[in-house]
Amino acid sequence: MKRPLIASILALASLLTACGGAAPAATGAPSGGATAAADPCGIPVKGRCPTEASALTGAGATFPAPIYTKWVDEYNKLTGIQINYQAVGSGGGIKSLTDKTVDYGATDGPMSDQQLTDAKAPVLHIPMVMGGVVPTYNIPGVTTPLKFTPDVLAGIFLGQITKWSDAKIVAQNAGVTLPDTAITTVHRSDSSGTTYVWTDYLSKVSPEWKSKAGFANAVNWPGGLGASGNAGVAGAVKNTPGAIGYVELIYAIQNKLGYGSVQNAKGKFVEANLESVTKAADGITLAPDLRVSITNSENADAYPISSFTWTLTYTEISDRSKAQAIARYFWWSTHEGQAFAKDLGYAPLPAAVVAKAEEKIRSITSGGQPVLPK
Amino acid sequence: MTRTFDRAFAAGVAALALLVPLTLAAITVLLLIDSWPSLTTFGLSYFTTTEWDPVKLVFGAAAYVYGTLVTTVVAVLLAAPVAVGAAIYLTEFAPRAVRAPIAFTIELLAYIPSIVYGLWAIFVMVPVMRSVVEPGLQVTLGQLPLIGKLFSGTPIGLDLLSGGVVLAIMILPILMAISREVLLAVPPTQREAMIGLGATRWEAVSRAVLPYARPGIIGGAVLGVARAFGETMAVTMVVGNSSRDISGSLFVPGYTMASAIANQFVEADSDLYFSAIVEIALVLLLVGIIVNGVARVLIHRSIADRPAGAVV
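Chains as they are written, first to last, in my numbering: chain A, 1 to 374; chain B, 1001 to 1312.
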């Protein structure tokens, strides 16, 4: 519990410097329940608010589904609100929000400009947690973690580097005996936020990748095998000598898969872990709408293939009870909820990002009026 | 009173009976509407190009069609001899006591959920394909001219051949059951006449029974084709799911139409992408209807009564 409390204090402090008007809220949060007791519908969330909706529905990304499920459960104990989150995939989350069949959406890749236009009303992107995507491989006789440069990863997935003994791989991995085995690449056959993050990274580091395949939840792969889900990719890699694929960091950790380190934008080889993933969003300039890709982060300690996962909601929600419930749930998720992240294998948001998220959550209105107290 | 009730009852059951064809019509219309953007944007190039690019929104399903055809052909070529052989044994040679148990066991295969076949295939069959069958084929058949090309490339086990082998096992029961049924429908006079002329069992089967049953057996194979076309889960798990190559080798990862739908519809986030996927579904539905229709005609012709003693 310590970390998020500190984070929220820091966040509130930075908000205070940003706009002086937030003074009462900032003094209220660190001192605990004083303000909240006065206003059950205020923040931080301390319990049931009589005027808010008692049920919400959300749909979207599968990657954060485990933590969303945990949050829904904990939040229900705290407030009694029933939240039904359906992990239908990022594309489905965006579509459900646009069609207004859910109260909020969730996605691993930010909405495109076209999708925002299609939504017909302003949509907020609220970062919730962070994750990384790691290269995992199966090379007979190799047990030491390999180092990958951006060039090598792009070259392998473009089908230009075809043997593990290629000079470009050997150059970064002195001391490892790499066999002459042919490389088989494995990618996700289902559309996935994981693929979005992986291809977004490859597009940033390789102009050739960008023009040939580009980045999206599913792309036109230059070659290799397709397998469904993290488990499918991991299984195909495990069973195919010479294979390399990409999986969620969480999945790799939970299943004790070996994975390589990747050279980041500052030239340092970084192994993916919760700290190095969080670093990817630390000390970097965030776009005002928070639709920001943090792959190939400029932070020198960052793992370069990292990403946010977002929840989505409209800025203006006509049903005030729903607006209140959504704002308060998002607030709780980005603050107290962060405490559950590490245990479930997600990287918590850095304080600066929480501060940005707060601004966004505070901008939720109903009938033009903000739903959270000042 | 009674007559009124009778009328109402007749109308009621007629409505229920109409419900099924109406559902089929509704599905077809819905698929047509949803696939309209793709139909109008890509036209025929949808079937002739292999580029399936959700980023640039260019969709050509030729590689999926190719993967479906190849796995289906492999499946029928592998399953048909086994099914017909088993059916001949069961109808002509097997002792009465074992006929029913063997037939029942083979038909049981039809009731195994396809996901179970998929799991078995990925954990048991694929490693064997990769390390034994495919290298074995490469050093034998792979050395021959022309057909050697079918077995070129690195054996990875997750490829068109594996997809075809799983399908073969899955269509085996329907092929066998129908072959057996049409063989049983061959009038005993056919065999008796041949044997009466001094023919051996082999001659009786090959010259009298099989020719008579041939349309029905072909019909069974066509039904098997229909099943193989639409089979999704088990094939998806072993076929490799990669749409790039139409290379002529069986050892490359492929993609079937059904697995393309299963893999991609969930996150098809642009209208054109979604529409292109629905078009695959529309094609599968239409092909399924046509193929089933043909199969039914063939089987019906074989089982329906014929003038006694006629040799086809």
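Backbone N, C-alpha and C fix where the C-beta goes; we use that ideal spot for every residue, glycine too.
Contact fails between the segment 1041-1053 of chain B and the segment 1134-1142 of chain B, because fewer than three Cβ pairs, one in each stretch, are under 8 Å apart.
Secondary structure remark: continuous alpha helix (DSSP H) runs of at least 4 residues inside the segment 261-312 of chain A, in chain order: 274-279. Taking C-beta atoms under 8 Å as the contact rule, residue 1181(B) and residue 1303(B) qualify, at a distance of about 7 Å.
Taking a cut-off of 8 Å on C-beta distances, the segment 286-301 of chain A does not touch the segment 246-263 of chain A, as fewer than three cross pairs fall below it. In the DSSP assignment, residue 1096(B) falls within the unbroken alpha helix (DSSP H) covering 1096-1108. About 41 Å separates the beta carbons of residue 244(A) and residue 326(A), which is beyond the 8 Å limit, so they are not a contact pair. Under DSSP, residue 1053(B) forms a beta bridge with 1058(B). Under the 8 Å Cβ criterion, the segment 89-108 of chain A counts as touching the segment 193-201 of chain A, having at least three qualifying pairs. Here DSSP, grouped into helix, strand and coil, assigns residue 215(A) to coil.
The segment 80-166 of chain A is shown to contain whole alpha helix (DSSP H) runs of 4 or more residues at 90-98, 113-119, 150-157, in chain order. For residue 185(A), the enclosing beta strand (DSSP E) has its first and last residue at 184-188. For residue 1277(B), the three-state secondary structure derived from DSSP is helix. With a contact defined as Cβ atoms closer than 8 Å, residue 198(A) and residue 246(A) qualify at about 5 Å. For the segment 1120-1145 of chain B, the continuous alpha helix (DSSP H) assignments of 4+ residues that do not extend past its boundaries occur at 1134-1139, in sequence order. Judged by DSSP in its simplified three-state form, residue 314(A) adopts strand. Residues of the segment 1132-1161 of chain B that bring their beta carbon within less than 8 Å of a beta carbon in chain A comprise 1154, 1156, 1157, 1158, in sequence order. Chain A has no Cβ within less than 9 Å of the Cβ of residue 1120(B). For the pair residue 1111(B) and residue 1105(B), the Cα-to-Cα distance works out to about 10 Å. Within its own chain, the residues whose Cβ lies closer than 6 Å to the Cβ of residue 84(A), once the five positions on either side in sequence are excluded, are 57, listed in chain order. Pairing residue 1038(B) with residue 1009(B) gives a Cβ-Cβ distance that is not under 9 Å.
Close CB contacts of residue 1288(B) within its chain, under the 7 Å cut and outside five residues either way in sequence, are with 1226, 1229, 1230 (chain order). Closest option to residue 1041(B), judged by alpha-carbon separation, among 1297(B), 1272(B), 1300(B), 1295(B): 1272(B). 1240, 1241, 1242, 1244, 1253, 1263, 1264: these are the residues of the segment 1240-1265 of chain B whose beta carbon lies less than 7 Å from some beta carbon of chain A, given in chain order. When Cβ pairs closer than 8 Å are counted between the two stretches, the segment 1153-1165 of chain B is seen to touch the segment 1118-1132 of chain B, the count reaching three or more. Around residue 291(A), the same chain offers 110, 125 as residues with beta carbons nearer than 6 Å, after the five sequence neighbours per side are excluded.
With a beta-carbon spacing of about 3 Å, residue 1241(B) and residue 189(A) fall inside the 8 Å limit used to define contacts.
Distance from the CA atom of residue 151(A) to the CA atom of residue 206(A), rounded to whole angstroms, is 7 Å. Contacts with chain B (Cβ-Cβ distance below 9 Å) from the segment 224-239 of chain A involve 224, 225, 226, 227, 228, 232, 235, 236, 239, listed in chain order. The contact set of residue 206(A) on chain B, defined by CB atoms closer than 9 Å, is empty, because the minimum CB distance reaches about 15 Å. Residues of the segment 1041-1060 of chain B that bring their beta carbon within less than 9 Å of a beta carbon in chain A comprise 1051, 1052, 1053, 1054, 1055, 1056, 1058, in sequence order. In terms of Cα proximity to residue 1247(B), the closest of 1149(B), 1090(B), 1076(B) is 1149(B). By the criterion of a C-beta distance shorter than 6 Å, residue 365(A) is surrounded in its chain by 316, once the five residues flanking it on both sides are discounted.
Not flagged as an interface residue toward chain B: residue 247(A), since no C-beta distance is shorter than 9 Å. Here residue 200(A) really is in contact with residue 295(A); their C-beta atoms are around 5 Å apart, less than 8 Å. Within chain B, the residues 1051, 1052, 1053, 1054, 1055, 1056, 1058, 1243, 1244 have their CB atoms less than 9 Å from the CB of residue 220(A), given in chain order. Think of a sphere of 7 Å around the beta carbon of residue 94(A): the chain B residues whose beta carbon falls inside it are 1269, in chain order.
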